[in-house]
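> Got a structure here, written out as structure tokens. Questions coming.
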Amino acid sequence: MADQDARNGEDKRPTEIPALRWEEPPEGPVLLLLDQTRLPAEEVELVCTDAPALVEAIRSLAVRGAPLLGIAGAYGVALAAARGFDVAEAAEALAGARPTAVNLAGGVRRAQTAHQGALARTGDTRLAAAAALDAARALHREDTEASARMAAHGLALLDELLPAGGHRVLTHCNTGSLVSGGEGTAFAVALAAHRAGRLRRLWVDETRPLLQGARLTAYEAARNDMPYTLLTDNAAGSLFAAGEVDAVLIGADRIAADGSVANKVGSYPLAVLARYHHVPFIVVAPVTTVDPDTPDGASVEVEQRPGYEVTEVTAPQVPVTGAGGGIPVAPLGTQAYNPAFDLTPPELVTAIVTEEGAVSPVTAEALAELCARSRQV
Ligand code: MRU
Numbered sequence: 001m002a003d004q005d006a007r008n009g010e011d012k013r014p015t016e017i018p019a020l021r022w023e024e025p026p027e028g029p030v031l032l033l034l035d036q037t038r039l040p041a042e043e044v045e046l047v048c049t050d051a052p053a054l055v056e057a058i059r060s061l062a063v064r065g066a067p068l069l070g071i072a073g074a075y076g077v078a079l080a081a082a083r084g085f086d087v088a089e090a091a092e093a094l095a096g097a098r099p100t101a102v103n104l105a106g107g108v109r110r111a112q113t114a115h116q117g118a119l120a121r122t123g124d125t126r127l128a129a130a131a132a133l134d135a136a137r138a139l140h141r142e143d144t145e146a147s148a149r150m151a152a153h154g155l156a157l158l159d160e161l162l163p164a165g166g167h168r169v170l171t172h173c174n175t176g177s178l179v180s181g182g183e184g185t186a187f188a189v190a191l192a193a194h195r196a197g198r199l200r201r202l203w204v205d206e207t208r209p210l211l212q213g214a215r216l217t218a219y220e221a222a223r224n225d226m227p228y229t230l231l232t233d234n235a236a237g238s239l240f241a242a243g244e245v246d247a248v249l250i251g252a253d254r255i256a257a258d259g260s261v262a263n264k265v266g267s268y269p270l271a272v273l274a275r276y277h278h279v280p281f282i283v284v285a286p287v288t289t290v291d292p293d294t295p296d297g298a299s300v301e302v303e304q305r306p307g308y309e310v311t312e313v314t315a316p317q318v319p320v321t322g323a324g325g326g327i328p329v330a331p332l333g334t335q336a337y338n339p340a341f342d343l344t345p346p347e348l349v350t351a352i353v354t355e356e357g358a359v360s361p362v363t364a365e366a367l368a369e370l371c372a373r374s375r376q377v
């Protein structure tokens, strides 16, 4: 492990560009996105001047991860309003750009409601656009605060479950500052453990097919000087069997009313492994990811992605040759099964950590109580 640590994270530049920012140059307002499809090769920004550009950025995963999708959706409505486009049309396109993360439609709805309310009250489109922007900024700020609170609650839970300390945490996909106004969800907990001197190792699943773990989580771990090791998704089993995992920390795209968790495909197998090996499986997500209107896991729409993401390697450094813009790794015409997410049933989840505290055991009643508490704040 020492050799690996020596090689790990050679590039320690702080991430200078935030995942998303709103600017108002003289030509008109724009939403700037750190293009996550280009990471870790280069930090470049995409400039969105209208909702269709943002929809495309969402679909291509230039901007991604549940909390950030919510924030982006809200700013997208504000952008349409500020530039005089049809706000209802923009909102519908944005909310439907990806189906699984409930935060996206939630963020869009919040800004649209603010816009409609101000328009009805004042009849002034400029005031209505300002109200949509205020709503987006409020969501952005709240997500930043939620992130810090999730980190504190999550670390307290880790310390309680693993009193011996020296946590070895396995994570999947990417859940850090690239998906949040703050330092993220599951990653923020691992980072808090690291800062407290209690993270022995962050095991990072590469997260096929789009490599959010290898490209993005390793990138964030390196920049935070964390002790991390990358593994292929299918190496997780042997890692558990070797007794090298103390806890699994993942995020969520939607948590149904019964506590079922939709997250990046590959999360459910980790939950099964964790249960077999008596390891806590902890989900970290803001309350905005809990969807009381989705009764159970079977009701969650799981996004199906194009097959070429599986039949080709589409990392930013590889030269473009295949139909999807990558190097083919399967015979031409191969069909692929490519769901972007899977569902983990509540009985496999040790705890759900939110900014309002942790729910454990995970039950519909406990989640409903948490949501009610959050609405009162
Ligand atoms: O397809 P992606 O990259 O948007 O998927 C993201 C995830 O699955 C994350 O784990 C989830 O959004 C939680 S992020 C805090």
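First residue of the sequence shown: 1, per full-length UniProt numbering; consecutive thereafter. C-beta: ideal position from N, C-alpha, C; glycine also. The model shown is predicted, which means the values in this text are computed figures rather than measured ones.
May I ask you to list the residues that DSSP assigns as paired with residue 48?
Mapped onto the sequence shown, residue 48 falls at position 48. DSSP, once it has assigned bridges, lists 31 as partnering residue 48.
> Could you check what DSSP says for residue 195 in three-state terms: helix, strand or coil?
For the purposes of this step, residue 195 is identified with residue 195 of the sequence shown, where counting begins at 1. Note: residue 195 maps to helix in three-state DSSP.
> Less than 7 angstroms between the CB of residue 307 and some heavy atom of the ligand MRU, yes or no?
Along the sequence shown, read from residue 1 onward, the residue named residue 307 stands at position 307. False, no ligand heavy atom lies under 7 angstroms from that Cβ.
> Got a sec: does the ligand MRU put a non-hydrogen atom nearer than 7 angstroms to the Cβ of residue 61?
The residue given as residue 61 occupies position 61 in the sequence shown. It does: the Cβ of residue 61 is within 7 angstroms (strictly closer) of some heavy atom of the ligand MRU.
> Bridge partners for residue 169 per DSSP, in chain order?
Within the sequence shown, residue 169 is the residue found at index 169, counting from 1. BP columns for residue 169 point to 202, 247.
> Nearest-angstrom Cα distance between residue 125 and residue 116?
Along the sequence shown, one-based indexing puts residue 125 at 125. Along the sequence shown, one-based indexing puts residue 116 at 116. Cα-Cα distance, rounded: 10 angstroms.
> With a threshold of 7 angstroms, establish whether the CB of residue 339 neighbours any heavy atom of the ligand MRU.
Along the sequence shown, read from residue 1 onward, the residue named residue 339 stands at position 339. No.
> Which residue's Cα is closest to the Cα of residue 181: 312, 309, 302, 63?
Here residue 181 is taken as the residue at index 181 of the sequence shown, counted from 1. The shortest C-alpha separation from residue 181 is found at 63.
> If you reduce the DSSP assignment to three classes, tell me which class residue 256 lands in.
Here residue 256 refers to the residue found at position 256 when the sequence shown is read from its first residue. Of the three classes helix, strand and coil, the one that applies to residue 256 here is strand, per DSSP.
> Give a yes or no on whether the C-beta atoms belonging to residue 204 and residue 283 are separated by under 8 angstroms.
In the sequence shown, the residue the question calls residue 204 occupies position 204. In the sequence shown, the residue the question calls residue 283 occupies position 283. For residue 204 and residue 283, no; Cβs fall outside 8 angstroms.
> Less than 8 angstroms separating the beta-carbons of residue 133 and residue 70?
Translated into positions along the sequence shown, residue 133 becomes position 133. Translated into positions along the sequence shown, residue 70 becomes position 70. For residue 133 and residue 70, no; Cβs fall outside 8 angstroms.
> Note down the Cα distance separating residue 53 from residue 229, rounded to an integer number of angstroms.
Counting from 1 along the sequence shown, the entry for residue 53 is found at position 53. Counting from 1 along the sequence shown, the entry for residue 229 is found at position 229. Going by the C-alpha atoms only, they are around 36 angstroms apart.
> So is residue 30 buried or exposed if we call it buried at 16+ other beta carbons inside 10 Å?
Taking the sequence shown and counting its residues from 1, the one referred to as residue 30 is at position 30. So residue 30 ends up on the buried side.
> Rounded to the nearest angstrom, how far is the Cβ of residue 255 from that of residue 289, given a contact under 8 angstroms?
Within the sequence shown, residue 255 is the residue found at index 255, counting from 1. Within the sequence shown, residue 289 is the residue found at index 289, counting from 1. That belief holds up - the Cβ atoms of residue 255 and residue 289 are roughly 6 angstroms apart, short of 8 angstroms.
> Kindly identify the DSSP beta-bridge partner or partners of residue 342.
Taking the first residue of the sequence shown as position 1, residue 342 is located at position 342. Answer is 263, bridged to residue 342.
> If we count the other Cβ atoms within 10 Å of its Cβ and call it buried at 16 or more, is residue 5 buried or exposed?
Reading the sequence shown from its first residue, position 5 is the one you call residue 5. Unreliable positioning characterises residue 5 in this predicted model, as indicated by a pLDDT of 45, which lies under 50. The coordinate reading is nonetheless provided below. Its Cβ having fewer than 16 others within 10 Å, residue 5 is exposed.
> Report yes if the C-beta of residue 304 is less than 7 angstroms from at least one heavy atom of the ligand MRU; otherwise report no.
The residue you call residue 304 lines up with position 304 of the sequence shown. Checking the Cβ of residue 304 against the ligand MRU gives no.
> Please state the DSSP three-state secondary structure of residue 107.
Your numbering for residue 107 matches position 107 in the sequence shown. Helix, per DSSP.
> Using the three-state DSSP reduction, which class does residue 293 fall into: helix, strand or coil?
Walking along the sequence shown from the start, residue 293 turns up at place 293. Of the three classes helix, strand and coil, the one that applies to residue 293 here is coil, per DSSP.
> What distance in whole Å lies between the Cβ atoms of residue 78 and residue 105, which are believed to be in contact at a cut-off of 8 angstroms?
For the purposes of this step, residue 105 is taken as residue 105 along the sequence shown, with counting starting at 1. For the purposes of this step, residue 78 is taken as residue 78 along the sequence shown, with counting starting at 1. Not a contact, Cβ separation roughly 16 angstroms.
> Once you ignore the five residues that flank residue 268 on each side, which residues in its own chain have a CB closer than 6 angstroms to its CB?
Position 268 of the sequence shown, counted from the start, is the residue given in the question as residue 268. Correct list, in chain order: 342, 344.
> Cβ-heavy atom distance between residue 67 and the ligand MRU below 7 angstroms?
Position 67 of the sequence shown, counting from 1, holds the residue named residue 67. True, at least one ligand heavy atom lies under 7 angstroms from that Cβ.
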